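S.K.: Numbering (UniProt numbering), first residue to last: 1 to 330. The beta-carbon is built from N, C-alpha and C at its ideal position, and this holds for glycine as well. Only a predicted model underlies this, so the values are computations on that prediction, with no experimental measurement involved. Provided herewith is a single structure, encoded as structure tokens, for subsequent inquiry.
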């Protein structure tokens with residue numbers, strides 16, 4: 001019997017009026033944790049030259065990209081945010097084409113999980129290597145009792161609505177060379193629900209330029225600077241590729257919203273950021289951007305989707321010292 005497809009990991013929190021929390025990546029249900037004996041306590045993975053070459057060839061088959069499916073098993077969670085939610089903001093379509101630098105820094109991440117293919121969103125960020133992509137940890141690693149997902153790759157400026165593959169993937173497929181998540185994520189994250197590791201739902205990977213290509217940021221002509229320990233209560237714009245109804249994962253969407261703090265009971269500091277947005281599964285890992293002192297920075301990434309009776313919202317991790325330490329590993 002083949003895998004069962006469900007939409008998202010949905011967690012109902014016991015709060016008056018009802019609230020649903022969703023990790024906004026797209027996965028195959030029943031495949032988030034690896035088999036017994038295959039787990040890893042490591043928060044770093046590096047692909048060999050042979051693995052990078054094999055992964056590049058693996059993604060030559062575009063049907064695999066079209067095979068990513070959403071999931072939605074529901075589980076009970078014992079606590080509630082206890083905060084006033086931001087107002088709902090309807091996601092707006094980002095107009096194509098996406099191959100211009102300020103749009104091409106955003107794209108889709110595809111990867112292999114036991115039983116199928118999954119997808120998320122990501123951002124090319126400024127780094128000495130010129131090859132770094134920022135995303136959510138749950139797009140890279142299954143958390144405690146899990147391991148790194150396989151064959152991670154990035155398509156900058158992805159446009160699934162275009163007619164030809166060259167237009168859908170204007171800069172080609174970029175396989176990962178090195179992948180990093182936080183030690184807190186590996187130790188405490190639960191792949192089936194939100195957890196005390198949710199404030200550490202950030203990760204990054206360095207890509208290997210395909211044959212004949214320059215470094216990723218040079219090929220695109222742009223990258224996003226991360227502002228670690230940014231001010232709170234900013235107005236942000238989030239970007240991602242939502243794939244659940246009413247979206248199909250083919251096009252880029254954005255939301256603009258003021259932010260507030262989000263903290264579940266028992267969660268460690270720092271408090272997460274909270275914004276209004278209707279994007280759905282598949283947008284996970286997409287960047288949050290804000291203007292600080294006249295400059296535009298990436299300040300967070302999409303993590304949890306929270307649907308209440310009064311609002312549809314999402315959270316992102318605060319990129320503090322732990323995030324900066326992860327960035328400095330590359």
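(1) On the CB-based measure, 16 or more other CB atoms within 10 Å of its CB, does residue 235 come out buried or exposed?
(2) For the region 154 to 166 against the region 248 to 256, are there 3 or more C-beta pairs whose distance is under 8 angstroms?
(3) Can you tell me which of 67, 55, 319 and 60 puts its alpha carbon nearest to the alpha carbon of residue 201?
(4) What is the DSSP secondary structure of residue 139, counted as helix, strand or coil?
(5) Between residue 279 and residue 242, which are expected to be in contact by the criterion C-beta below 8 angstroms, what is the C-beta distance as a whole number of angstroms?
(6) Measuring straight from C-alpha to C-alpha, what distance separates residue 110 and residue 182?
(7) Could you check how far apart the C-beta atoms of residue 274 and residue 307 are, in whole angstroms? I think they sit under 8 angstroms.
(8) Our contact map puts residue 112 next to residue 66 with C-beta atoms below 8 angstroms; I'd like the distance itself, whole angstroms only.
(9) Give, in chain order, every unbroken run of the alpha helix (DSSP H) that is at least 4 residues long and sits entirely within the region 206 to 232.
(10) Nearest by alpha-carbon distance to residue 130: which of 137, 153, 224 and 51 is it?
(11) Can you have a look at residue 176 and say buried or exposed, based on whether 16 or more other CB atoms are within 10 angstroms of its CB?
(12) Out of curiosity, what's the CA-to-CA distance linking residue 255 and residue 59?
(13) Who does residue 155 pair with in a DSSP beta bridge?
(14) How many angstroms separate the CA atom of residue 276 from the CA atom of residue 120?
(15) With DSSP as the reference, label residue 86 as helix, strand or coil.
(16) Closest to residue 108 by C-alpha separation, out of 217, 139 and 93, would be which residue?
(17) Do residue 281 and residue 244 have their CB atoms nearer than 9 angstroms?
(18) Just tell me which of 115, 322 and 104 has its CA closest to the CA of residue 218.
(19) For residue 335, which option in 313, 312, 237 and 298 has the closest C-alpha, if you only look at C-alpha atoms?
(20) By how many angstroms is the C-alpha of residue 93 removed from the C-alpha of residue 55?
(21) Hey, how far is the Cα of residue 228 from the Cα of residue 189?
(22) Express the C-alpha separation of residue 153 and residue 237 in angstroms, rounding to a whole number.
(23) Do you know offhand how far residue 288's Cα is from residue 302's?
M.R.: If we stick to the structure as given:
(1) By one-based count along the chain shown, residue 235 stands at place 235. Exposed.
(2) With the cut-off at 8 angstroms, the region 154 to 166 and the region 248 to 256 touch.
(3) As a first step, residue 201 must be located in the chain shown, where it is residue number 201. Per the Cα distances, 319.
(4) The count along the chain shown starts at 1 and reaches residue 139 at position 139. For residue 139, the three-state secondary structure derived from DSSP is helix.
(5) Translated into the one-based positions of the chain shown, residue 279 becomes position 279. Translated into the one-based positions of the chain shown, residue 242 becomes position 242. That pair is a contact at about 4 angstroms.
(6) One-based indexing of the chain shown puts residue 110 at position 110. One-based indexing of the chain shown puts residue 182 at position 182. It is roughly 20 angstroms from the alpha-carbon of residue 110 to the alpha-carbon of residue 182.
(7) If you number the chain shown from 1, residue 274 lands on position 274. If you number the chain shown from 1, residue 307 lands on position 307. Incorrect: roughly 13 angstroms between the Cβ atoms, too far for contact.
(8) For the purposes of this step, residue 112 is taken as residue 112 along the chain shown, with counting starting at 1. For the purposes of this step, residue 66 is taken as residue 66 along the chain shown, with counting starting at 1. The C-beta distance from residue 112 to residue 66 rounds to 14 angstroms, too long to fall under 8 angstroms, and the pair is not in contact.
(9) The DSSP assignment places 216 to 220 as complete runs of the alpha helix (DSSP H) inside the region 206 to 232, in order along the chain (cut-off: 4 residues).
(10) Reading the chain shown from its first residue, position 130 is the one you call residue 130. Measuring from the Cα of residue 130, the nearest candidate turns out to be 224.
(11) Numbered from 1 along the chain shown, position 176 holds the residue referred to as residue 176. Burial of residue 176 is indicated by the presence of at least 16 other C-beta atoms within 10 angstroms of its C-beta.
(12) The residue you call residue 255 lines up with position 255 of the chain shown. The residue you call residue 59 lines up with position 59 of the chain shown. Looking at the two C-alpha atoms, the distance is approximately 30 angstroms.
(13) Here residue 155 is taken as the residue at index 155 of the chain shown, counted from 1. Residue 155 is bridged to 108.
(14) Position 276 of the chain shown, counted from the start, is the residue given in the question as residue 276. Position 120 of the chain shown, counted from the start, is the residue given in the question as residue 120. Distance from the CA of residue 276 to the CA of residue 120, rounded to the nearest whole angstrom, comes to 19 angstroms.
(15) For the purposes of this step, residue 86 is identified with residue 86 of the chain shown, where counting begins at 1. Note: residue 86 maps to coil in three-state DSSP.
(16) Position 108 of the chain shown, counting from 1, holds the residue named residue 108. The residue with the shortest Cα to Cα distance from residue 108 is 139.
(17) Counted from its first residue, the chain shown places residue 281 at position 281. Counted from its first residue, the chain shown places residue 244 at position 244. A contact, by the Cβ cut-off of 9 angstroms.
(18) For the purposes of this step, residue 218 is taken as residue 218 along the chain shown, with counting starting at 1. With distances taken between Cα atoms, residue 218 lies closest to 104.
(19) Absent from the model: residue 335. The displayed extent of the chain is 1 to 330, so no value can be given.
(20) To locate residue 55, count along the chain shown from 1; it is residue 55. To locate residue 93, count along the chain shown from 1; it is residue 93. Between residue 55 and residue 93, the C-alpha separation is close to 31 angstroms.
(21) For the purposes of this step, residue 228 is identified with residue 228 of the chain shown, where counting begins at 1. For the purposes of this step, residue 189 is identified with residue 189 of the chain shown, where counting begins at 1. Cα-Cα distance, rounded: 22 angstroms.
(22) Taking the first residue of the chain shown as position 1, residue 237 is located at position 237. Taking the first residue of the chain shown as position 1, residue 153 is located at position 153. Cα to Cα, the separation comes out at about 24 angstroms.
(23) If you number the chain shown from 1, residue 288 lands on position 288. If you number the chain shown from 1, residue 302 lands on position 302. Put simply, the backbone Cα of residue 288 is about 7 angstroms away from that of residue 302.
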